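Asks: So in numbering that gives the first Met the number 0, the last one in the sequence shown is 250, and the numbering has no gaps at all.
One structure coming up, written as structure tokens, with questions to follow.
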Amino acid sequence: MVKKNNRYYLKKNIHHDKILYKGEVELFSKRLGFENPQGELICTALTHPSYTFENPSSGLENNQRMEFLGDAVLDFVIGEYLYLNYPERPEGELTKMRAAVVNETTLARKAKSIDLGQALFLGKGEQSSGGRERPSILADALEAVIGAIYLQYGFEKVRKFILDMLVPEIKELDDGNYGDFKTMLQEKAQKIEYDVIYRIIDETGPDHDKLFTAGVYVHSELKGKGTGKTKKEAEQNAARLALKKWEGKDE
């Protein structure tokens, strides 16, 4: 069973032997701008495989299939937007632009902004090891939510949801960099003759699922910290946050 401190009221459906959302799942959906959610769809989107593994009698389906669907919808919507709005860009540049916004780091950050981690069904082991904050879990769950929105509300609704979420990220892309925040930060620092140094300041998780935290120091002052599944990804995220701070756009 899901612990009470998850703040979700669950009602047992005896006929189907499935747990269906009531009360706060509707609030969660309304927070995303959607009315009358189908409990079973959103429930599937929020169910991590670790939960069904530990609770095989729950009757729930995990979110992996829905994540597969959401990933395809997400790629199409962003690809269509880039094609229509950047007619002068060749295919290679469009691919780089899409990769700069459709990635685990960006999706996990967007998932955190809607408190998606707190809504997830996780196994006890996954939950105790920090699963509600793990970027890979959050990004996958957001793709599953996208799949659920598509199935219930159709293409136009899910298209609006995706574009509202990611177009601001696209507009922030600097020509030719497409997410190479380390290069952008280095260029800014060089103009005023400041040095830039990256350090790995934390490392957590098992060998097969490491999470690194990097700090970026500009002129010996810590300007940003970022996390990632690789040291390079963590450094890129640290540089991105340092640039946000530099430009007065703190998140």
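Built from N, CA and C at the ideal position, the CB exists for glycine as well.
Note that the structure is predicted; figures quoted are calculated from it, not measured.
#1: Do L137 and G317 count as a contact pair if the criterion is CB distance below 7 angstroms?
#2: Assign Q235 to buried or exposed, taking buried as 16 or more other Cβ atoms, counted over all protein chains shown, within 10 Å of its Cβ.
#3: Whole angstroms are fine: how far does the CA of K222 sit from the CA of V240?
#4: Taking just the CA atoms, how far does T229 sit from I196?
#5: Return the chain-ordered list of same chain residues with a C-beta closer than 7 angstroms to the C-beta of K244, the five sequence neighbours on each side being excluded.
#6: Cβ atoms of G69 and A143: under 7 angstroms apart, would you say?
#7: Bridge partners for K224 per DSSP, in chain order?
#8: Compute the beta-carbon to beta-carbon distance between V215 and Y193, rounded to the nearest angstrom, for a pair I have assumed lies under 8 angstroms.
#9: How is E202 classed by DSSP in three states: helix, strand or coil?
#10: For F75, which residues does DSSP report across the bridge?
#11: Tell me, please, which residues DSSP counts as bridged to V195.
#12: So for Y20, helix, strand or coil by DSSP?
#13: Using C-beta distances below 8 angstroms, list every residue in its chain close to V157, excluding the 5 sequence neighbours before and after it, in chain order.
#14: Determine the closest residue to E246 out of M183, F211, K209 and G204, with distance taken between C-alpha atoms.
#15: Which residue from S57, V101, K190 and H207 puts its Cα closest to that of I161?
#16: Count the other C-beta atoms from every protein chain shown that fall within 10 angstroms of the C-beta of I200, then say buried if there are 16 or more, exposed otherwise.
#17: Whole-angstrom Cβ separation of L172 and M96, contact assumed at under 8 angstroms?
Replies: So, to answer that:
#1: In the structure as shown, the chain starts at 0 and stops at 250, and residue 317 therefore has no counterpart that could be examined.
#2: One-based indexing of the sequence shown puts residue 235 at position 236. So Q235 ends up on the buried side.
#3: In the sequence shown, counting from the first residue as 1, residue 240 sits at position 241. In the sequence shown, counting from the first residue as 1, residue 222 sits at position 223. A quick correction: the sequence has Leu, not Val, at residue 240. So the alpha carbons of these two residues sit roughly 8 angstroms apart.
#4: If you number the sequence shown from 1, residue 196 lands on position 197. If you number the sequence shown from 1, residue 229 lands on position 230. So the alpha carbons of these two residues sit roughly 17 angstroms apart.
#5: Sequence index remark: in the sequence shown, residue 244 carries index 245 (1-based). K222 and G223.
#6: Indexing the sequence shown from 1 puts residue 143 at position 144. Indexing the sequence shown from 1 puts residue 69 at position 70. Contact: yes.
#7: Here residue 224 refers to the residue found at position 225 when the sequence shown is read from its first residue. G214.
#8: For the purposes of this step, residue 215 is identified with residue 216 of the sequence shown, where counting begins at 1. For the purposes of this step, residue 193 is identified with residue 194 of the sequence shown, where counting begins at 1. Actually they are not in contact, since the Cβ atoms of V215 and Y193 sit about 11 angstroms apart, beyond 8 angstroms.
#9: On the sequence shown, residue 202 is found 203 positions in, with the first residue counted as 1. Reduced to three states, the DSSP call for E202 is strand.
#10: For the purposes of this step, residue 75 is taken as the residue at position 76 of the sequence shown. In DSSP, F75 forms no bridge with anything.
#11: Here residue 195 refers to the residue found at position 196 of the sequence shown. According to DSSP, which records beta bridges pairwise, V195 is partnered with V217.
#12: For the purposes of this step, residue 20 is taken as the residue at position 21 of the sequence shown. With a pLDDT of 47 at Y20, under the threshold of 50, the modelled position of this residue cannot be trusted, and the question is left open.
#13: As a first step, residue 157 must be located in the sequence shown, where it is residue number 158. Around V157: V72, V76, I145, I148 and Y149.
#14: For the purposes of this step, residue 246 is taken as residue 247 along the sequence shown, with counting starting at 1. Measuring from the Cα of E246, the nearest candidate turns out to be M183.
#15: In the sequence shown, the residue the question calls residue 161 occupies position 162. When each option's Cα is compared against that of I161, the closest is V101.
#16: Sequence index remark: in the sequence shown, residue 200 carries index 201 (1-based). With fewer than 16 Cβ atoms within 10 Å of its Cβ, I200 is classed as exposed.
#17: Your numbering for residue 172 matches position 173 in the sequence shown. Your numbering for residue 96 matches position 97 in the sequence shown. 6 angstroms between Cβ atoms; contact.
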